[in-house]
């Protein structure tokens, strides 16, 4: 037949050669193990970050009212880890081993976990303002903790906080689930509703029963603090980070697949609904565990992912591990600052992260203003 | 159905005769899908022949997008099946299906800023493990896809800074990185100027000529008449007509579905039907 498409001649002349472009070698049978440059850069950044983290931990242990030397710290660590002889006094050993070290390690684990949770939440909800507490977790945990502090419930505070976070999570997801498929908007709105309700209940409990010193205790917890952290805190935060945080940090490809929304992700082979439930659940459990040892420390999970993206780009494969290490460093240093800036008075570390995080966020907004609409 | 063998294509496609008895190309049978109790796709059966551009036509709300999503596996069909070269897409594993069919959505927007190369690289995800970084073969496939879509020069640009036509080329590059045999597009010419429209349809025709089966929703009947080999007309979720353009886009069908009676001329240079609405 004669009916060709319009301007057949010009179409043929502009057509690209069929198959792989001529300048590209055929790729069948090539080894698939070569890392690309971006991956190498990511691991280099993580390695540098881990080295900086070790330095930050050292600083956190050295700095404080009782000046310690690196040799003393090493002696204490060796004594407890390897059974060597302690060359420092029992008191100074306790400052390292019972005080500053578990506190710094808790800060590191909490910071890493919050940063990873923040990245995942922002990706899952397609909302740059999302943070780990989005599903009402911090409000739920606060309600649990405040109930213990003020109402005299006879459970351990971390247990109550974790239970509160868990209940808030269940309530949020249940509410979102009744609205239909678990979409970003439904998740955010359900979380908001539960969060507000739990916050109202917390305020009521505080208003009704707090008096005198308990106000300060409650306030410290609500603002987020690792002041009381011991080895049990390290264990809770550390195990949660290993069991939940590491798989989350490895979920970069899945989160990348969701860049263009749920339909596009499905068409790329992602079981969107199952992935979203699974990742939200993991984020919530991890956040619940972190909140139970530290209260709700703000801004790390919100601002840090944005800062890391400004450096490494938006690919989750890079953002997740770098955020984890950066979160650890930031919270260790922030807690050291909180401990020492106004000696002998201590600030809750949440105050420091907010004081640093808010201006940092404003600066980031300014930097990325062209891509904001 | 396919009584016209496009002469310009014969040299570049593999012979159509196959040893298997399964029909080549996409075959949809009785696909159905509802939302809020309303049948949006109501027992749709059609074919998209192998190595041809098939246009999915119909007025707004006729179920074109929903049908494409069903075929792409983005939503699950309530009934019916869609098979490609004999493989049932509706029962295939997600990743396996994603290696056969790629989908370019209408107005797909990213939730973050990323470069065209990064966006194209997403198309490689079905080809590697969920925990693996891109391999050398992934990078080669990305470069090939960018070149094929005419987006090589755009590789380092931020997706958000592109013009409509450039962005559509980037999306096609992402789909091509999946190395699909079936390419699904939802109104890809929307919001494009005439030059960009022609460029895109040229690209699709070239891909079909190379053996890819292309199924694209279009709302512009003039473009469909000029570029498609085969068309499927949807109305209220049902197939009203299907077949070669010159058999389907006739005044009676167009008037019955769109409520406008066109004049149909023959293009003086290409000989293809020319719709005057």
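Chains as they are written, first to last, in my numbering: chain A, 1 to 373; chain B, 374 to 650.
Positions of the beta carbon are idealized from the N, C-alpha and C atoms, including for glycine.
Assignment of residue 63 (chain A) by DSSP, reduced to helix, strand and coil, places it in the coil class. The Cβ atoms of residue 331 (chain A) and residue 283 (chain A) lie no closer than 8 Å to each other.
Using a Cβ-Cβ cut-off of 8 Å, residue 457 (chain B) is close to nothing in chain A; its nearest Cβ partner there is about 14 Å away. By the rule that beta-carbons nearer than 8 Å mark a contact, residue 39 (chain A) touches chain B. Assigned with DSSP and collapsed to three states, residue 457 (chain B) falls in strand. What residue 305 (chain A) touches in chain B, judged by beta-carbon distance under 7 Å, is nothing: the nearest beta carbon there is about 10 Å away.
Assigned with DSSP and collapsed to three states, residue 485 (chain B) falls in coil, not helix or strand. DSSP places residue 633 (chain B) outside both helix and strand once states are collapsed to three, so it counts as coil. Straight through space, the alpha carbons of residue 103 (chain A) and residue 226 (chain A) are spaced by roughly 6 Å. Residue 401 (chain B): member of the beta strand (DSSP E) spanning 399-408, first to last residue. Residue 349 (chain A) carries a helical assignment under DSSP once its states are collapsed to helix, strand and coil. Three or more beta-carbon pairs separated by less than 8 Å are not found between the region 149-156 of chain A and the region 118-133 of chain A, which leaves the two stretches without contact. Interface flag for residue 487 (chain B) against chain A is set, since a Cβ pair is found closer than 8 Å. Rounded to the nearest whole angstrom, the CA to CA distance from residue 489 (chain B) to residue 550 (chain B) is 12 Å. Within its own chain, the residues whose Cβ lies closer than 7 Å to the Cβ of residue 265 (chain A), once the five positions on either side in sequence are excluded, are 257, 258, 272, listed in chain order. Distances from the CA of residue 159 (chain A) to each of A:195, A:121, A:213, A:233 were compared; the closest alpha carbon is that of A:233. Counting C-beta pairs with one atom in each stretch, the region 285-304 of chain A and the region 109-119 of chain A have three or more that are closer than 8 Å, which means they touch. For the region 243-277 of chain A, the beta-carbon criterion of a distance under 9 Å to any beta-carbon of chain B is satisfied by 250, 251, 252, 253, 254, 256, 257, 258, 259, 260, 261, 262, 263, 264, 265, 266, 267, 268, 269, 270, 271, 272. Rounded to whole angstroms, the Cβ separation of residue 348 (chain A) and residue 224 (chain A) is 6 Å, and the two are in contact under 8 Å. With contact defined as three or more Cβ pairs closer than 8 Å, the region 598-615 of chain B and the region 640-648 of chain B are in contact.
For residue 323 (chain A), the closest Cβ of chain B is not nearer than 8 Å. The C-alpha of residue 638 (chain B) is placed about 11 Å away from the C-alpha of residue 622 (chain B). Of all residues in the region 125-150 of chain A, the ones placed with a Cβ closer than 7 Å to any Cβ belonging to chain B are 126, in chain order.
Excluding the 5 residues flanking it on each side, residue 205 (chain A) has same chain C-beta neighbours closer than 8 Å at 143, 146, 147, 150, 151, in chain order.
Per DSSP, reduced to three states, the secondary structure at residue 607 (chain B) is strand.
Using a CB distance cut-off of 8 Å, residue 498 (chain B) counts as an interface residue toward chain A.
Contact annotation: in the region 194-220 of chain A, no residue has its CB less than 9 Å from a CB in chain B. Nearest CB-CB separation between residue 315 (chain A) and chain B: below the 8 Å threshold. Flagged as an interface residue toward chain A: residue 471 (chain B), by a C-beta distance shorter than 8 Å.
Taking a 10 Å sphere around the C-beta of residue 442 (chain B), we find 16 or more other C-beta atoms and assign the residue as buried. Cβ neighbours of residue 239 (chain A) within its own chain (closer than 6 Å, five residues either side excluded): none. Chain-ordered, the chain A residues with CB closer than 8 Å to the CB of residue 467 (chain B) read 266, 269, 270, 271. Taking a Cβ-Cβ cut-off of 8 Å, residue 641 (chain B) has no neighbours in chain A, whose nearest Cβ is about 11 Å from it. Under DSSP, residue 559 (chain B) takes part in a beta bridge, and its partners are B:590. Using beta-carbon distances, residue 506 (chain B) counts as an interface residue toward chain A, with a partner under 8 Å.
Nothing from the region 535-565 of chain B brings a Cβ to less than 7 Å from some Cβ of chain A.
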